[in-house]
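Asks:
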Amino acid sequence: MPLQIVHHPDYDAGFAVNHRFPMSKYPLLMAALRMRGLAKPDALWMPEPAPTARLKLAHAADYVDQVIACQVPEKIEREIGFPVGPRVSLRAQLATAGTVLAARLALKHGIACNAAGGSHHARRAHGAGFCTFNDVAVASLALLAEGAVENVLVVDLDVHQGDGTADILKDKPRAFTFSMHGERNYPVRKIASDLDVALPDGTGDDAYLERLAAILPELSGKRRWDLVFYNAGVDVHAEDRLGRLALSDDGLTAREDMVIGHFRKQGVPLCGVIGGGYSTDVPALAARHAILFEVASRYA
């Protein structure tokens with residue numbers, strides 16, 4: 001069966017090519033997936049914007065209303081890193097809905113990926129760090145509220161600590177958050193996950209994978225997970241301009257295979273989201289993001 005992939009053309013909010021957030025990576029990622037034969041027409045899904053009530057499961061009602069109305073205070077826009085106009089607002093609603101849809105597909109098919117998502121700096125009160133809504137937190141709370149799952153695990157391997165996800169899910173005993181990230185990277189003030197592992201600058205493939213291999217069985221030993229959200233940020237790559245770690249393409253491939261293989265061999269459904277990646281060479285960046293889908297397709 002082909003890998004189930006969720007995508008929408010409006011994941012690209014049309015930023016200038018020199019913006020620090022490389023928005024053009026989204027269409028380039030889909031082009032890379034089509035070139036690799038991974039974007040099968042009968043396994044491509046397109047989300048509708050997330051309902052306001054669902055967004056308010058994870059975020060303060062006044063903040064959600066501000067984003068929908070494109071009336072986010074300038075102070076919060078500065079913390080997010082860009083103005084929240086109509087295209088950014090729509091993108092945030094669609095990307096969040098995309099992770100919810102991918103999670104439902106993962107529960108049905110065993111594995112699915114959203115070709116966006118991983119906006120893990122958005123906290124309950126407001127967005128931050130290029131993140132408007134926290135898609136994984138929204139999806140976790142929506143599925144828990146519906147009774148579709150009993151226990152959710154978030155495995156966040158973006159180079160930046162998942163402070164927003166930790167903030168939103170901290171009082172939810174049926175959701176467990178794990179973040180392995182660069183110790184000296186953003187955010188300066190971290191919000192504790194259920195489990196945090198901080199890595200020194202320059203950590204490369206071998207040390208990274210050795211640490212991860214030791215942690216995965218520990219996570220599985222905590223309880224039986226009904227769903228894993230996997231944030232596969234590629235900003236751990238040596239050529240990422242915001243990363244400070246030193247993984248190679250082969251290291252990324254090994255990481256994805258380690259994580260996905262570990263949970264799928266146990267029969268645990270997995271929903272992949274792409275997380276962060278920052279490079280002036282956006283086609284190369286899109287190719288790094290495509291590694292998640294290449295590996296996931298082997299387990300579909």
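Each residue of the sequence shown is one higher than the last, beginning at 1 in UniProt numbering. Glycine included, each C-beta is placed from N, C-alpha and C at the ideal position.
(1) Do L199 and G182 come within 8 Å of each other at the CB atom, strictly closer than that value?
(2) CB-CB under 7 Å to L292, same chain, minus the five flanking residues each way: which ones, in chain order?
(3) Quick one: grab the DSSP three-state call for Q159.
(4) Between which two residues does the alpha helix (DSSP H) holding T280 run?
(5) Bridge partners of C70, per DSSP?
(6) If you draw a straight line from the C-alpha of F15 to the C-alpha of P269, how long is it?
(7) For the alpha helix (DSSP H) containing I111, list its first residue and its last residue.
(8) Is the beta carbon of V154 closer than 8 Å to that of F178?
(9) V273 lies in the alpha helix (DSSP H); which residues open and close that run?
(10) Mind checking K265: buried by the 16 CB within 10 Å criterion, or exposed?
(11) Helix, strand or coil: how does DSSP classify G164 here?
(12) Give me the Cβ distance between A139 and V88, rounded to the nearest whole Å; I'm assuming they're in contact under 8 Å.
(13) Which residue from D235, Y230 and T280 puts its Cα closest to that of G261?
(14) Could you tell me the distance, in whole angstroms, from the CA atom of L169 to the CA atom of A137?
Replies: This is what the structure holds:
(1) yes
(2) C113, A232, E256, G272 and I274
(3) According to the sequence shown, residue 159 is Val rather than Gln. Correct three-state label for V159: coil.
(4) Run containing T280: none; DSSP gives neither H nor E here.
(5) C70 pairs with nothing; no bridge assigned.
(6) 34 Å
(7) No alpha helix (DSSP H) holds I111; the beta strand (DSSP E) holding it covers I111 to N114.
(8) yes
(9) No alpha helix (DSSP H) holds V273; the beta strand (DSSP E) holding it covers L270 to V273.
(10) exposed
(11) helix
(12) Not confirmed; about 20 Å, so no contact.
(13) Y230
(14) 7 Å
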